[in-house]
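Trainee:
Protein chains: 2
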Amino acid sequence: MISKPELSIPEPTLRRLPRYYNYLKELLKVGREIVSCTHIGKDLDLDPPQIRKDLAFTGIRGVPKVGYQVEVLLKSIEDFFGWNNIDEAFLVGAGNMGRALIGYQGFSRYGFKIIAAFDNAPEIIGQTINGVEVLPLSKIKSLCKRMNVKIGVIATPAHAAQEVAEMMIAGGIRGIWNFAPAEIRAPEGVIVQNENLATGLAVLCKKLQMLQQSGKFRQEVEK
Amino acid sequence: MISKPELSIPEPTLRRLPRYYNYLKELLKVGREIVSCTHIGKDLDLDPPQIRKDLAFTGIRGVPKVGYQVEVLLKSIEDFFGWNNIDEAFLVGAGNMGRALIGYQGFSRYGFKIIAAFDNAPEIIGQTINGVEVLPLSKIKSLCKRMNVKIGVIATPAHAAQEVAEMMIAGGIRGIWNFAPAEIRAPEGVIVQNENLATGLAVLCKKLQMLQQSGKFRQEVEK
DNA sequence: GTGTAATCGAGAAAAATTTATCGATAAAAA
DNA sequence: TTTTTATCGATAAATTTTTCTCGATTACAC
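Going line by line, the protein sequences match chains U and G.
Position 110, counted from 1, in the first sequence is what the working numbering calls 110; the numbers after and before it change by one each time, with no gaps.
Position 1, counted from 1, in the second sequence is what the working numbering calls 1; the numbers after and before it change by one each time, with no gaps.
(1) Cα separation between residue 105 of chain U and residue 156 of chain G?
(2) Which whole-angstrom value describes the C-beta separation of residue 124 of chain G and residue 92 of chain G, a residue pair presumed to lie in contact below a C-beta threshold of 8 Å?
(3) Below 9 Å on C-beta distance, what does residue 119 of chain G contact in chain U?
(4) Compare the C-beta of residue 136 of chain G against all C-beta atoms of chain U and say whether one is closer than 7 Å.
(5) For residue 156 of chain G, which residues in chain U fall below 7 Å Cβ to Cβ?
(6) Report the CB separation of residue 177 of chain G from residue 201 of chain U in whole angstroms; it is logged as a contact under 8 Å.
(7) If you drop the 5 nearest sequence neighbours on each side, which residues of the same chain put their C-beta closer than 7 Å to that of residue 98 of chain U?
(8) Would you please state the rounded distance, in angstroms, between the beta carbons of residue 172 of chain U and residue 145 of chain U? I believe it to be under 8 Å.
(9) Step through the CB atoms of chain U and report whether any lies within less than 7 Å of the CB of residue 199 of chain G.
(10) Answer yes or no: do residue 132 of chain U and residue 114 of chain U have a C-beta to C-beta separation smaller than 7 Å?
(11) Find the residues of chain U that neighbour residue 18 of chain G, judging by a C-beta separation of less than 7 Å, and give them in chain order.
(12) Is DSSP giving residue 104 of chain G helix, strand or coil here?
(13) Any beta carbon from chain U within less than 7 Å of residue 152 of chain G's own beta carbon?
(14) By the criterion of Cβ-Cβ separation under 9 Å, what are the contact partners of residue 85 of chain U in chain G?
(15) Measuring straight from C-alpha to C-alpha, what distance separates residue 112 of chain U and residue 159 of chain U?
(16) Is residue 153 of chain U near residue 89 of chain U, with beta carbons less than 7 Å apart?
(17) To the nearest angstrom, how far is the alpha carbon of residue 138 of chain G from that of residue 208 of chain U?
(18) If we define contact as Cβ-Cβ less than 7 Å, is residue 96 of chain G a contact residue for chain U?
(19) Does residue 146 of chain G come within less than 7 Å of chain U when only Cβ atoms are used?
(20) Chain G partners of residue 59 of chain U, CB-CB under 8 Å?
(21) Using DSSP's beta-bridge definition, name the partner residues of residue 67 of chain U.
(22) When the Cα atoms are used, what is the spatial distance from residue 82 of chain U to residue 21 of chain U?
(23) Just to confirm the assignment: which complete beta strand (DSSP E) runs, minimum length 3, are found wholly within the region 98 to 149 of chain U?
(24) Please confirm if residue 22 of chain U has its CB atom under 7 Å from at least one CB of chain G.
(25) Using CA atoms only, rank isn't needed, just tell me which of U:44, U:75 and U:17 is closest to residue 53 of chain U.
(26) Just to confirm, are residue 63 of chain G and residue 33 of chain G a CB contact at a threshold of 7 Å?
(27) Verify whether the separation of the beta carbon atoms of residue 48 of chain G and residue 38 of chain G is less than 7 Å.
(28) Using a 10 Å radius around the Cβ and a threshold of 16 neighbouring Cβ atoms, would you call residue 128 of chain G buried or exposed?
(29) Cβ closer than 7 Å: which chain G residues qualify as neighbours of residue 104 of chain U?
(30) Considering only DSSP beta bridges, list what residue 153 of chain U is partnered with.
(31) So, helix, strand or coil for residue 184 of chain U, using DSSP?
(32) If you measure from the beta carbon of residue 3 of chain G to each beta carbon in chain U, is any gap under 7 Å?
(33) Count the other CB atoms within 10 Å of the CB of residue 195 of chain U; is the residue buried (16 or more) or exposed (fewer)?
(34) Give the residues of chain G in contact with residue 68 of chain U, contact being defined as C-beta atoms less than 7 Å apart.
(35) Which residue comes first and which comes last in the beta strand (DSSP E) that contains residue 22 of chain G?
(36) Around the C-beta of residue 206 of chain G, are 16 or more other C-beta atoms found within 10 angstroms, so that it is buried, or is it exposed?
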C-alpha cells in the first residue's frame with residue numbers, strides 16, 4: 001500500500017491554487033499590490049483560514065495587519081507548480097477538442113506548450129493548426145524519445161484512448177492529460193489526469209435541478 | 001446560513017457519477033450485461049463500498065451475489081441527472097474555446113445542446129459553426145427570454161466574463177458554465193460552475209514533479 | 001436440499017478536510 | 001507612546017468523506 005505518488009498536499013488545495021493564481025493575476029492588472037486573505041475570501045467566497053493554509057503550502061508567509069504582496073504571491077505559486085520553465089507536450093487527436101486545445105492561448109501562462117499534434121486521418125496529417133503541425137500517429141513513439149517529451153495530451157474518441165496511451169508510454173511519456181471519455185490504464189510511474197467535461201456539466205445541471213425543485217417546493221408551501 | 005442550494009449529495013459523489021456512466025457505456029458496448037461493484041472498483045481503482053454508496057444516491061438497488069444490470073444502472077444515472085430531456089444552452093465567445101465546445105459531439109450524451117452562439121467581433125457574426133449560428137452579443141438578452149433558455153456557456157477572455165454573465169442573468173439564465181479564467185459574481189439563485197482547464201493541468205504537473213523528485217531521491221539513496 | 005462463496009446494504013470507524021478559536025504581530029490612530 | 005484594529009499562524013473542533021465491518025441475501029455447486 002505504498003504505491004501511489006504520495007501527494008502530501010491535499011488535492012482540494014491543489015485545485016484551489018490555480019484559482020487564486022488567476023484571481024491574483026486580475027488583481028495585478030487592476031494595480032493592486034497587497035491583498036489579505038479576508039479580501040480574497042470575500043471575492044472567491046472562501047474562508048480566510050483555508051486560504052491561508054492553501055497559500056502556506058507554496059511556502060509563503062503573510063504579514064499580520066497587512067496581508068500578502070500580490071506579486072510575491074504569484075511568484076510563489078508559479079514556483080510551486082514549476083510554471084517558470086516550459087513543459088512541452090504532444091497531442092493526439094486533431095478533432096474538435098484537439099484543435100481547441102492547440103489553439104487555446106491560455107496555457108502559456110502555466111508553462112505549458114503543445115509542440116506537435118498526431119492523428120491517423122490522412123486528410124488531417126500535414127495540416128498546420130495554429131502553427132502546430134499534424135504528424136502521422138505512427139511517428140509518435142520515436143519522436144517522444146528523440147525530443148524527450150514527457151507529457152501527452154489525448155483528445156481522441158474513447159475507443160482509441162487506451163491504445164494511444166500505450167504508444168505514448170512506450171515513447172517515454174510520464175504524464176497523460178486525458179480528454180477522451182474513457183478510463184486509461186497505465187503502469188505505476190505514469191500519471192493519468194482525466195479531464196471529463198461532462199463532470200462539470202453534470203454538477204451544474206444537478207444543482208440547477210435541485211434549485212428549481214426547492215423553488216417549486218417553496219412556492220407550493222407558500223400557497 | 002440557509003442560503004446555499006443545499007446539495008445533500010456529496011459533491012465528490014456527483015463528480016464520480018459521470019465517470020461511472022462513461023465506464024458503463026463502454027461496458028455495454030463490449031456486451032456486458034451485469035456488473036458488480038467489485039468489478040467496477042478494479043477497473044476504476046475505487047473501493048466497492050464507495051461505489052455502492054454513490055450508486056445508491058441515484059436510487060438503484062443491487063442484487064447480492066450478482067451486482068447491477070448495466071442498462072438499468074445507466075438509466076438510473078440518466079434519470080438522476082435528467083439527461084433524458086435536452087437542456088438547450090447559449091454560448092458566448094466564438095473563439096477557439098467556444099468553437100471547440102460548439103463542435104464537441106460528446107455533449108449530446110448528457111442531454112446538453114448549444115443552440116446558438118454570440119460574439120462581438122463583426123467578422124465572426126453571421127458565421128455558422130457546426131450548424132450553430134453566431135449572433136451579435138447585443139441580442140442575447142432578448143433571445144434568452146424569447147426562447148426561454150436557462151443555461152449559458154461563457155468562453156470569452158477573462159475581462160469580458162463578468163459583463164457577459166450579467167447580460168445572461170438579465171435574460172433569465174439560471175446556470176452559467178464558465179470557461180473564462182475569471183471569477184464570476186452572480187446573485188443568489190444563479191448557479192455558476194467554473195471550468196478551469198488549468199486546474200487539471202496543475203494537478204498533473206505537480207504530481208509529475210513530485211514523482212520525479214521522489215524518483216531522484218530514491219536513486220540518490222540507492223547510491 | 002444443504003453448504004459455500006460472492007455481493008449487497010447499513011451502520012460504525014477512520015481519515016481527510018473544512019471551519020472556528022486564540023494568542024501574537026504589525027500598522028494606524030489617539 | 002499607548003491603544004486599537006486588522007490580520008496572521010497555529011492549534012483545536014466540527015464536518016465531511018472515505019474506508020471498514022458485519023449480517024443478510026442470492027446463486028451455484030455438491
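All residues carry an ideal CB built from backbone N, CA and C; glycine is no exception.
These numbers come from a predicted model, not from an experiment.
Mentor: So, from the listed chains and residues:
(1) Translated into positions along the first sequence, residue 105 of chain U becomes position 105. Translated into positions along the second sequence, residue 156 of chain G becomes position 156. Their Cα atoms are separated by approximately 12 Å.
(2) Translated into the one-based positions of the second sequence, residue 124 of chain G becomes position 124. Translated into the one-based positions of the second sequence, residue 92 of chain G becomes position 92. Going by Cβ atoms, the distance from residue 124 of chain G to residue 92 of chain G rounds to 12 Å, so no, they are not a contact pair.
(3) Start at 1 with the first residue of the second sequence, and residue 119 of chain G comes out as number 119. Neighbours of residue 119 of chain G on chain U: none; closest Cβ ~15 Å, over 9 Å.
(4) Residue numbering aside, residue 136 of chain G sits at position 136 when the second sequence is read from its first letter. The C-beta of residue 136 of chain G comes no closer than 7 Å to any C-beta of chain U.
(5) Here residue 156 of chain G is taken as the residue at index 156 of the second sequence, counted from 1. Neighbours of residue 156 of chain G on chain U: none; closest Cβ ~12 Å, over 7 Å.
(6) In the second sequence, the residue the question calls residue 177 of chain G occupies position 177. In the first sequence, the residue the question calls residue 201 of chain U occupies position 201. About 7 Å separates the two Cβ atoms, so the contact holds.
(7) As a first step, residue 98 of chain U must be located in the first sequence, where it is residue number 98. Result list for residue 98 of chain U: 91, 117 and 155, in chain order.
(8) Locating residue 172 of chain U in the first sequence gives position 172, counting from the first residue. Locating residue 145 of chain U in the first sequence gives position 145, counting from the first residue. Indeed, because the Cβ distance is near 6 Å, the residues count as touching under 8 Å.
(9) Numbered from 1 along the second sequence, position 199 holds the residue referred to as residue 199 of chain G. Answer yes: the Cβ-Cβ gap between residue 199 of chain G and chain U drops below 7 Å somewhere.
(10) Looking up residue 132 of chain U in the first sequence gives position 132. Looking up residue 114 of chain U in the first sequence gives position 114. A contact, by the Cβ cut-off of 7 Å.
(11) Position 18 of the second sequence, counted from the first residue, corresponds to residue 18 of chain G. Those are 196, 198, 199 and 202, listed as they occur along chain U.
(12) Within the second sequence, the letter at position 104 stands for residue 104 of chain G. Residue state, collapsed to three classes: coil.
(13) Reading the second sequence from its first residue, position 152 is the one you call residue 152 of chain G. So, not an interface residue.
(14) Position 85 of the first sequence holds residue 85 of chain U. The premise fails here: residue 85 of chain U is roughly 11 Å from chain G at the closest Cβ pair, so nothing lies under 9 Å.
(15) Residue numbering aside, residue 112 of chain U sits at position 112 when the first sequence is read from its first letter. Residue numbering aside, residue 159 of chain U sits at position 159 when the first sequence is read from its first letter. Roughly 27 Å separates the two Cα atoms.
(16) If you number the first sequence from 1, residue 153 of chain U lands on position 153. If you number the first sequence from 1, residue 89 of chain U lands on position 89. A contact, by the Cβ cut-off of 7 Å.
(17) Here residue 138 of chain G refers to the residue found at position 138 of the second sequence. Here residue 208 of chain U refers to the residue found at position 208 of the first sequence. Spanning the two alpha carbons is a distance of roughly 26 Å.
(18) The sequence position of residue 96 of chain G within the second sequence is 96, counting from 1. Yes, residue 96 of chain G lies at the interface with chain U (some Cβ there is under 7 Å from its Cβ).
(19) Stepping through the second sequence from its first residue, residue 146 of chain G is reached at position 146. Closer than 7 Å: no.
(20) Against the first sequence, residue 59 of chain U aligns to sequence position 59. Under the 8 Å cutoff, chain G gives no residues; its nearest Cβ is about 14 Å from residue 59 of chain U.
(21) By one-based count along the first sequence, residue 67 of chain U stands at place 67. Bridge partners of residue 67 of chain U: U:63.
(22) For this step, residue 82 of chain U is matched to residue 82 along the first sequence. For this step, residue 21 of chain U is matched to residue 21 along the first sequence. About 13 Å.
(23) Counting whole runs of 3 or more residues, the region 98 to 149 of chain U contains the beta strand (DSSP E) stretches 112 to 119 and 132 to 136.
(24) Locating residue 22 of chain U in the first sequence gives position 22, counting from the first residue. So, interface residue.
(25) Counting from one through the first sequence, the residue named residue 53 of chain U turns up at place 53. The residue with the shortest Cα to Cα distance from residue 53 of chain U is U:17.
(26) Working through the second sequence from its first residue, we reach residue 63 of chain G at position 63. Working through the second sequence from its first residue, we reach residue 33 of chain G at position 33. Inclusion of residue 63 of chain G and residue 33 of chain G in the CB contact set at 7 Å is not warranted, their separation being larger than that value.
(27) Here residue 48 of chain G refers to the residue found at position 48 of the second sequence. Here residue 38 of chain G refers to the residue found at position 38 of the second sequence. Going by C-beta atoms, residue 48 of chain G is nearer than 7 Å to residue 38 of chain G.
(28) For the purposes of this step, residue 128 of chain G is taken as the residue at position 128 of the second sequence. The residue is exposed, with fewer than 16 neighbouring Cβ atoms inside 10 Å.
(29) As a first step, residue 104 of chain U must be located in the first sequence, where it is residue number 104. The contacting residues are 96 and 97.
(30) Within the first sequence, numbered from 1, the residue matching residue 153 of chain U stands at position 153. DSSP, once it has assigned bridges, lists U:91 and U:177 as partnering residue 153 of chain U.
(31) In the first sequence, the residue the question calls residue 184 of chain U occupies position 184. Coil.
(32) Looking up residue 3 of chain G in the second sequence gives position 3. In this prediction, residue 3 of chain G scores a pLDDT of 36, lower than 50, which makes its location untrustworthy; the coordinate-derived value is nonetheless stated afterwards. So, not an interface residue.
(33) Residue mapping note: residue 195 of chain U aligns to position 195 of the first sequence, counting from 1. Under this definition residue 195 of chain U is a buried residue.
(34) Counted from its first residue, the first sequence places residue 68 of chain U at position 68. In chain order: nothing, as chain G lies at least about 18 Å away.
(35) Counting from 1 along the second sequence, the entry for residue 22 of chain G is found at position 22. Note, residue 22 of chain G: premise wrong, no beta strand (DSSP E); alpha helix (DSSP H) at 11 to 30.
(36) In the second sequence, counting from the first residue as 1, residue 206 of chain G sits at position 206. The residue is buried, with at least 16 neighbouring Cβ atoms inside 10 Å.
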